[in-house]
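Here the structure comes first, spelled out in structure tokens, and everything after it is commentary.
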Amino acid sequence: MTLRLAVGTTAILLVVALPLAWWIASGRGAGRALVQAVVALPLVLPPTVLGFYLLVALGPLSAPGRLLIRVLGHPLAFSFAGLLVGSVIYSLPFAVQPLVSGFAAVDGAYVEAAAGLGASPWRTFRNVVLPLTRGSLLTSAVLTFTHTVGEFGVVLMLGGNIPGATQTLSISLYDKVQEFNYAAANRTALVLVAVSLAALLLIYSRRGGLRRGELV
Amino acid sequence: MSEIAPHLSVRIQHRLGALELDVAFTLTQPWTVLFGPSGSGKTTVLRAIAGFVRPDAGRIVSCFYGRDFVMTDTTQKIFVKPHQRSVRVAGQGAALFPHLTIRENIAFGARSQMEATAAAKIVEEAIARFQLPGLAEKFPTMLSGGERQRVAIARAATAAVSLGEGSILLLDEPFTGQDVRLRDELIEELRGWLALTQRPVLSVTHDVGEAFQLGTEVIKIADGRVVQQGPVAEVLAEERERLLKQINASKRSPA
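Which chain is which? The protein sequence lines are A and B, in order. Here our numbering is used: the first residue of the first sequence is 1, the next is one more, and so on. Here our numbering is used: the first residue of the second sequence is 1001, the next is one more, and so on.
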């Protein structure tokens, strides 16, 4: 359940974050600053605030929520799809930030050289920018994945802790502690530590092995 | 070298910091050198033709067999994107893609234009002509500065040749960092290939020796204005005199 959520969130976020990060990194201006601030908002807001707004927005209490319920036939809140929406928004900064700094580190001379050789912006992005920022892509994916595995507040507000449907590892850990079942809690906590450590090792062990002129 | 019809006409007005650029010229020769001291605006002219700079006012048109291709026209609000222009560019600094081998770098500009076998043939020809066979499978970080520069020229020339007739090659300080003997060889190879494939060149330099070695049409530019256009011996006579005087002076009093 946790795994499914994390994989789904990572997949969706990479698709969303790539063009968004490219757009943010490829210029400046008030519009970009605002978008970047909004993207970074989940970093500083308490997750419960985000969860609360999402609960209201997706639930039957608001107009967009009611519209969603009519279209889908059921409310998004307290469902897996609802959780997915929440996770995507909550982990957005973790996906976008590494990509923005990666893209910004690519020397503009490469982009210009590609254009001067007749490459379209899309081909330049695919064949020059992306290969040079593979490391950032991996960082982005791993951070998103682990952050989703460990998230708590948004899930609690939005998912409602339904075992098998919307109960993630971090919430079941909380439940087990509430039940004074420390042995089970310990096992769950260990799993979370192991997953996070493995992911971070994956990122940092690459530092020594950068090949083919990768930047970040 | 036979004269060919005008293939590029340029009129640009552009403000860049303290520099007030106001130039107009037409290219008719197979090779034209844009000569000027640093800060004279010659690189900006080249970048405007390439489409990297949007001039404040002006019109840039390439002509091929009497047909005009407007790349920039500020009054008609035409501005063709760099990759859609009939020009191929090697900018200042080699900017070889670090994740690609030398062969892949040279093939980069060829691949988008034509089918694979024809492109590969041009790439192999470029590797042979520019004396790069030993370097083809290496990565740019393994090359010296001069070698990288040579690859950058080969890459841009390959792109221009594979783009098809009517394409123009733009080179910004292409031979800087090459030792003189290698530079002269490189010039001969490049000129031979481009004459064969009929791709005109506009190159930028501040080097008098390079301009004379190329021995072509020169457009002299200073403080953002075209001073003179004509054969190199005419336009750069003064610079040549000064250079010769320096050489003679050093001969008389060896250090």
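Glycine residues also receive a C-beta, built at the ideal position from the N, C-alpha and C atoms. Since we're looking at a predicted model, the values are computed, not measured.
When the options are compared against residue i, the one with the closest alpha-carbon
{"i": "residue 47/A", "options": "92/A, 187/A, 102/A", "result": "92/A"}
{"i": "residue 1036/B", "options": "1062/B, 1207/B, 1179/B", "result": "1207/B"}
{"i": "residue 1179/B", "options": "1194/B, 1146/B, 1088/B, 1226/B", "result": "1146/B"}
{"i": "residue 55/A", "options": "89/A, 122/A, 13/A", "result": "89/A"}
{"i": "residue 110/A", "options": "98/A, 100/A, 131/A", "result": "131/A"}
{"i": "residue 107/A", "options": "129/A, 157/A, 19/A, 118/A", "result": "129/A"}
{"i": "residue 1015/B", "options": "1051/B, 1007/B, 1055/B, 1009/B", "result": "1055/B"}
{"i": "residue 1223/B", "options": "1085/B, 1109/B, 1021/B, 1134/B", "result": "1021/B"}
{"i": "residue 1043/B", "options": "1057/B, 1225/B, 1129/B", "result": "1225/B"}
{"i": "residue 189/A", "options": "202/A, 201/A, 71/A, 173/A", "result": "173/A"}
{"i": "residue 1170/B", "options": "1028/B, 1012/B, 1006/B, 1034/B", "result": "1034/B"}
{"i": "residue 1193/B", "options": "1158/B, 1183/B, 1076/B", "result": "1158/B"}
{"i": "residue 1189/B", "options": "1218/B, 1213/B, 1168/B, 1167/B", "result": "1213/B"}
{"i": "residue 1061/B", "options": "1012/B, 1076/B, 1008/B", "result": "1008/B"}
{"i": "residue 42/A", "options": "86/A, 60/A, 141/A", "result": "86/A"}
{"i": "residue 21/A", "options": "192/A, 70/A, 96/A", "result": "96/A"}
{"i": "residue 126/A", "options": "116/A, 19/A, 60/A, 169/A", "result": "19/A"}
{"i": "residue 1196/B", "options": "1183/B, 1065/B, 1122/B", "result": "1122/B"}
{"i": "residue 169/A", "options": "14/A, 192/A, 13/A", "result": "192/A"}
{"i": "residue 1024/B", "options": "1032/B, 1017/B, 1045/B", "result": "1045/B"}
{"i": "residue 1187/B", "options": "1130/B, 1241/B, 1134/B", "result": "1130/B"}
Rounded distance between the beta-carbons of residue j and residue i, thought under 8 Å
{"i": "residue 1173/B", "j": "residue 1204/B", "result": "6 Å"}
{"i": "residue 1132/B", "j": "residue 1151/B", "result": "7 Å"}
{"i": "residue 1198/B", "j": "residue 1238/B", "result": "Their Cβ separation, rounded to whole angstroms, is 33 Å, which puts residue 1198/B and residue 1238/B out of contact at 8 Å."}
{"i": "residue 1209/B", "j": "residue 1232/B", "result": "Residue 1209/B to residue 1232/B, Cβ: 11 Å. No contact."}
{"i": "residue 1078/B", "j": "residue 1070/B", "result": "5 Å"}
{"i": "residue 10/A", "j": "residue 133/A", "result": "Not really, about 17 Å apart at Cβ, beyond 8 Å."}
{"i": "residue 1019/B", "j": "residue 1041/B", "result": "5 Å"}
{"i": "residue 1127/B", "j": "residue 1136/B", "result": "5 Å"}
{"i": "residue 120/A", "j": "residue 1083/B", "result": "5 Å"}
{"i": "residue 1109/B", "j": "residue 118/A", "result": "6 Å"}
Residues that DSSP places opposite residue i in a beta bridge
{"i": "residue 1230/B", "result": "1218/B"}
{"i": "residue 1013/B", "result": "1022/B, 1057/B"}
{"i": "residue 1207/B", "result": "According to DSSP, which records beta bridges pairwise, residue 1207/B is partnered with nothing at all."}
{"i": "residue 1078/B", "result": "1073/B"}
{"i": "residue 1035/B", "result": "1205/B, 1220/B"}
{"i": "residue 1008/B", "result": "1027/B, 1062/B"}
{"i": "residue 1225/B", "result": "1022/B, 1222/B"}
Range covered by the beta strand (DSSP E) that runs through residue i
{"i": "residue 45/A", "result": "Segment: none, residue 45/A is in no beta strand (DSSP E) and carries neither H nor E."}
{"i": "residue 1071/B", "result": "1067-1073"}
{"i": "residue 1087/B", "result": "1087-1090"}
{"i": "residue 1169/B", "result": "1168-1172"}
Same chain, Cβ closer than 7 Å to residue i, neighbours up to 5 away in sequence not counted
{"i": "residue 35/A", "result": "24"}
{"i": "residue 1148/B", "result": "1094, 1096, 1140"}
{"i": "residue 1138/B", "result": "1101, 1102"}
{"i": "residue 78/A", "result": "159, 160, 162, 166"}
{"i": "residue 139/A", "result": "98, 203"}
{"i": "residue 40/A", "result": "93"}
{"i": "residue 1089/B", "result": "1050, 1156, 1170"}
{"i": "residue 69/A", "result": "60, 75"}
{"i": "residue 1027/B", "result": "1006, 1007, 1008, 1200, 1202"}
Limits of the unbroken alpha helix (DSSP H) element including residue i
{"i": "residue 1060/B", "result": "Note, residue 1060/B: premise wrong, no alpha helix (DSSP H); beta strand (DSSP E) at 1057-1064."}
{"i": "residue 243/A", "result": "Residue 243/A lies beyond the stretch modelled for chain A, which goes from 1 to 216, so this question has no answer here."}
{"i": "residue 206/A", "result": "182-206"}
{"i": "residue 1184/B", "result": "1180-1197"}
{"i": "residue 127/A", "result": "Neither: residue 127/A is in no alpha helix (DSSP H) and is coded neither H nor E."}
{"i": "residue 162/A", "result": "Element bounds for residue 162/A: n/a, residue is neither H nor E."}
{"i": "residue 1051/B", "result": "First-last for residue 1051/B: undefined, no H or E at that position."}
{"i": "residue 1252/B", "result": "1237-1252"}
{"i": "residue 139/A", "result": "134-149"}
{"i": "residue 8/A", "result": "2-25"}
{"i": "residue 80/A", "result": "80-105"}
{"i": "residue 1121/B", "result": "1116-1129"}
Nonlocal neighbours in the same chain, by C-beta distance under 8 Å from residue i, ignoring five residues either side
{"i": "residue 196/A", "result": "146, 149, 150"}
{"i": "residue 210/A", "result": "Residue placement at residue 210/A is flagged as unreliable, the pLDDT there being 48, under the threshold of 50; the coordinate-derived value follows with that caveat. Excluding positions up to five away in sequence, the list reads 135."}
{"i": "residue 1105/B", "result": "1096, 1097, 1140, 1151, 1155"}
{"i": "residue 1245/B", "result": "none"}
{"i": "residue 213/A", "result": "In this prediction, residue 213/A has a pLDDT of 44, which is less than 50 and means its spatial position is unreliable; what the coordinates show is noted afterwards. Cβ within range, chain order: 132."}
{"i": "residue 1243/B", "result": "1208, 1209"}
The ligand SAM heavy atom lying under 7 Å from the CB of residue i
{"i": "residue 1083/B", "result": "By its list of ligands, the structure shown contains no ligand whatsoever, and the ligand SAM lies outside what it can speak to."}
Contact set for residue i: own chain, Cβ-Cβ below 6 Å, skip 5 residues either direction
{"i": "residue 1228/B", "result": "1220, 1235"}
{"i": "residue 216/A", "result": "Legend: pLDDT at residue 216/A = 43, less than 50; position of this residue unreliable, value from coordinates given subsequently. Correct list, in chain order: 102, 105, 135, 136."}
{"i": "residue 82/A", "result": "58, 76, 158"}
{"i": "residue 1085/B", "result": "1051, 1071"}
{"i": "residue 1001/B", "result": "Its pLDDT being 41, under 50, residue 1001/B is placed unreliably by the model, and the measurement read from it follows with that caveat. Once the five neighbours on either side are set aside, the close Cβ partners of residue 1001/B are 1030."}
{"i": "residue 100/A", "result": "21, 24, 25"}
{"i": "residue 199/A", "result": "142, 146"}
{"i": "residue 153/A", "result": "47, 48, 51"}
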